[in-house]
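Below is one structure; the comments refer to it alone.
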Amino acid sequence: MNDIELNMKMPNEYSEWIKNPKIYEINTWPWLHSLSEIYNKPISLNNIPDEVFNQEIKHFDAVWLMGVWERSPASKKIALDHPDLQKEYHQALHDFKDEDVMGSPYSVFYYHVDKNIGGVDGLKSFRKRLTERNIKLILDYVPNHVSVDSLWTFESDLFIEGTIEDLMSRPFDFFSIGEKVFAYGRDPNFPPWTDTIQINAYSEVARQKTINTLISIAELCDGVRCDMAMLLTNNVFSRTWGEKAGSLPDKEFWEEIIPTVKEKYPNFLFIAEVYWDMEWELQQQGFDFCYDKMLYERLAHENASTIRDHLKAEWAYQSKLLRFIENHDEVRALEKFGEEKLKAAAIIALTLPGARLIYEGQTRGSKIKLPVQLGRHPFEEPNKNIFDFYQELLKSIPGREYGKGSWSLCEAKSVNLDDSSFSNIISYLWWVNDNYRLIVVNYSPNPSKAHIKISPFHFDTNRWIFTDLLLQKSYIYNGEDLYKYGLYVDLNAWKGHIFNIKKESN
0 MNDIELNMKM PNEYSEWIKN PKIYEINTWP WLHSLSEIYN KPISLNNIPD
50 EVFNQEIKHF DAVWLMGVWE RSPASKKIAL DHPDLQKEYH QALHDFKDED
100 VMGSPYSVFY YHVDKNIGGV DGLKSFRKRL TERNIKLILD YVPNHVSVDS
150 LWTFESDLFI EGTIEDLMSR PFDFFSIGEK VFAYGRDPNF PPWTDTIQIN
200 AYSEVARQKT INTLISIAEL CDGVRCDMAM LLTNNVFSRT WGEKAGSLPD
250 KEFWEEIIPT VKEKYPNFLF IAEVYWDMEW ELQQQGFDFC YDKMLYERLA
300 HENASTIRDH LKAEWAYQSK LLRFIENHDE VRALEKFGEE KLKAAAIIAL
350 TLPGARLIYE GQTRGSKIKL PVQLGRHPFE EPNKNIFDFY QELLKSIPGR
400 EYGKGSWSLC EAKSVNLDDS SFSNIISYLW WVNDNYRLIV VNYSPNPSKA
450 HIKISPFHFD TNRWIFTDLL LQKSYIYNGE DLYKYGLYVD LNAWKGHIFN
500 IKKESN
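The opening residue of the sequence shown carries number 0 in numbering that gives the first Met the number 0; numbering runs sequentially from there.
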């Protein structure tokens, strides 16, 4: 029997995804709490006002509702008693109260939509309204573990088990339920998550349970973001659990799971949260998109040269990365980058091939990182400068019409022999048919100049109109000059252009 039951499919669902989707991550419980305060009435997934869809969500191709599954009572208690988490709660909410703690969304009690946010009927209603707007829905899947009190704990052969000796010698790694000893869920590089129980990725019973659960989830949405997906690979799992996992399977976990789910739902999207330079490996195991943490780190800490090097990877790899400068795990982008650098980083991350992720609050310039255990946001005055910037950027990003188009890095050349600032410029071109979009960014704290060689563009002898979509300014250039010298750009620190290029009509 499936974990989720849904008897009726809605029209126009399960259609093919566009190639470079813009995804909006929403932290569901705090988001609904904020809407309830704004509209002065209880808001759940059942009754979200139309203007929220028409204003906040309209620019996106998909919404990732983070944290819809039923929360664990045990996880809530552990989250309340944890001293380090208590410090984080008080840092995020100056008026923190115990009732603000909902428990971790990544310690799933059961894969039912929590009744506190509207239940399965509320989710179906929300999805229907997204579908009417040609927007898809993504939900979470946590493959590595479930909560210590999960209903799954009544089933056999799903989890990593230990011995009484393990419990006595390693009480922070193991716990008991009745006469059985189980391992807490963990990442091999960190202490265990003590509100979770570790699933055995080598177990055929666990793999079938995963398949059944994902097929049930696929009735409710268009894709899943798989938490810490690399932990289930044979190499990592063996390193973490050794002989306690049992015999090494012939097939990788994801190579068994993903194709089986896609047999029934061929357009169902799999996104991997993945680190440790394992993106290519997870792509080869079937994921449609993988987190691009390397780009995030380079945007945060490195220079234009290393970012350009990152963008020289093969198209097969580039086109299956998910780009971001903010999500629920990271420091808020405004805090991480500062206002001006943030804009340059956002232009790059949100105009590259692959999926592009924006986190709720990012476009308003929110600065407070909220622990995922909390059910409400602190009040933060929107940053008008950041908000206005994102409104223009979201309208300017190469969209659906470029989904089947082409992309190429452009070369920046020195304006003169004494000027090396051209190395600070990152530039690339999107094109499909007669539509061209050129992105140019000065990724440095200094003014920079360059001639941009816009290849493989053929200018001939025509005159060309370059319209900067961010500034709404147009410039006209002769094709011969563009071919001979390239496009001259002179940009202040952290500034960028998104040019729409059109041939001047006679």
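Beta carbons: idealized from backbone N, C-alpha and C, even for Gly.
Keep in mind the model is a prediction, meaning the values are calculated, not measured.
DSSP three-state call for residue i: helix, strand or coil?
i	result
aspartate 194	strand
methionine 65	strand
asparagine 6	In this prediction, asparagine 6 scores a pLDDT of 35, lower than 50, which makes its location untrustworthy; no coordinate-derived value is stated.
tryptophan 493	coil
isoleucine 562	Here the chain comprises residues numbered 0 to 505, so residue 562 is not present and cannot be evaluated.
tryptophan 200	The sequence as given places alanine at residue 200; tryptophan does not occur at that position. Here alanine 200 sits in coil by DSSP.
phenylalanine 267	coil
histidine 327	coil
alanine 78	helix
alanine 182	strand
leucine 393	helix
isoleucine 346	helix
valine 260	helix
asparagine 11	In this prediction, asparagine 11 scores a pLDDT of 48, lower than 50, which makes its location untrustworthy; the coordinate-derived value is nonetheless stated afterwards. It is coil, neither helix nor strand.
histidine 111	strand
phenylalanine 386	helix
glycine 404	coil
tyrosine 487	strand
glutamate 313	coil
isoleucine 22	strand
leucine 373	strand
Could you compute how far the alpha carbon of residue i sits from the alpha carbon of residue j?
i	j	result
proline 48	lysine 311	44 Å
alanine 200	glutamate 154	15 Å
tyrosine 474	leucine 129	38 Å
lysine 250	asparagine 233	9 Å
leucine 122	valine 260	21 Å
cysteine 225	isoleucine 270	6 Å
glycine 102	threonine 305	39 Å
leucine 5	asparagine 441	A caution first: leucine 5 carries a pLDDT of 37, below 50, which makes its placement in the model too unreliable to give a value.
phenylalanine 415	tryptophan 314	Reading the sequence as shown, one finds asparagine at residue 415 and not phenylalanine. For asparagine 415 and tryptophan 314, the distance between alpha carbons rounds to 32 Å.
alanine 299	valine 439	18 Å
aspartate 291	asparagine 26	20 Å
tyrosine 450	leucine 437	The sequence shown places histidine at residue 450, not tyrosine. Each residue's Cα considered, the two are about 13 Å apart.
aspartate 139	isoleucine 216	9 Å
phenylalanine 171	alanine 78	16 Å
lysine 452	isoleucine 346	20 Å
leucine 150	isoleucine 137	24 Å
arginine 185	lysine 501	53 Å
alanine 348	lysine 366	19 Å
asparagine 188	tryptophan 275	11 Å
aspartate 2	isoleucine 159	Low local confidence applies: a pLDDT of 41 at aspartate 2 is under 50, so the model's placement there is unreliable, and no value is given.
alanine 354	serine 443	25 Å
threonine 162	lysine 179	8 Å
phenylalanine 378	serine 504	51 Å
Give every residue of the same chain whose Cβ lies closer than 6 Å to the Cβ of residue i, excluding the five residues on either side of it in the sequence, and list them in chain order.
i	result
valine 235	Met229
methionine 7	Bear in mind that the predicted position of methionine 7 carries a pLDDT of just 38, short of 50, making it too unreliable to give a figure here.
leucine 373	Asp99
glycine 118	Val112
asparagine 11	Per-residue confidence for asparagine 11 stands at a pLDDT of 48, beneath the threshold of 50, marking its modelled position as unreliable; the derived number appears in the next sentence. Cβ within range, chain order: Thr130.
methionine 277	Met229
valine 517	Past the boundaries of the shown model lies residue 517; the chain is included only from 0 to 505, so the question cannot be answered.
aspartate 148	Ser71 and Ala73
Excluding the 5 residues flanking residue i on each side, which residues of the same chain have their C-beta closer than 7 Å to its C-beta?
i	result
glutamate 15	Asn266
threonine 209	Pro142 and Ile256
glutamate 325	Arg331, Ala332, Tyr358 and Gln361
threonine 460	Gly478 and Glu479
glutamate 293	Checking the displayed sequence, the identity of residue 293 turns out to be methionine instead of glutamate. For methionine 293, where only same-chain residues beyond five positions count, the Cβ hits under 7 Å are His309.
Ignore the nearest five residues each way along the sequence and tell me which others in residue i's own chain have a CB closer than 8 Å to its CB.
i	result
valine 204	Glu154, Ser155, Asp156 and Leu157
serine 237	Ala244 and Leu247
leucine 281	Ala228, Met229, Thr232, Trp253, Ala271, Val273 and Cys289
histidine 89	Phe95
asparagine 445	Ser420, Asn423 and Ala492
methionine 0	For methionine 0, the predicted structure reports a pLDDT of 38, less than 50, and the residue's modelled location is therefore unreliable. A value from the coordinates is still provided. So the list is empty, once near-sequence residues are dropped.
lysine 472	Thr466
leucine 321	Ile22, Ile270, Phe288, Cys289, Tyr290, Asp291, Gly353, Ala354, Arg355 and Leu356
Under 7 Å between C-beta atoms, does residue i make it to chain C?
i	result
histidine 144	Note that chain C does not occur in the displayed structure, where there is just one protein chain.
Start-end ranges of the alpha helix (DSSP H) lying completely within the stretch 412-473, minimum 4 residues: Listed in chain order, nothing qualifies, since the stretch 412-473 has no complete alpha helix (DSSP H) run of 4 or more residues.
Cβ contact check for the stretch 53-61 and the stretch 333-342: 3 or more pairs under 8 Å: Per the Cβ contact rule, the stretch 53-61 is not in contact with the stretch 333-342 (fewer than 3 Cβ pairs under 8 Å).
Cβ contact check for the stretch 356-376 and the stretch 90-99: 3 or more pairs under 8 Å: A contact exists between the stretch 356-376 and the stretch 90-99.
Segments assigned alpha helix (DSSP H), at least 4 residues, entirely inside the stretch 125-177: If only uninterrupted alpha helix (DSSP H) runs of at least 4 residues are considered, those enclosed by the stretch 125-177 are 163-168.
Validate contact between the stretch 377-394 and the stretch 415-427 using beta carbons, cut 8 Å, 3 pairs: Judged by Cβ distances under 8 Å, the stretch 377-394 makes no contact with the stretch 415-427, as fewer than three pairs qualify.
Inter-stretch contact (C-beta, 8 Å, three-pair minimum) for the stretch 323-330 and the stretch 426-433: These segments do not touch.
Contiguous beta strand (DSSP E) assignments of at least 3 residues, all confined to the stretch 220-263: Here the runs fully enclosed are 222-225.
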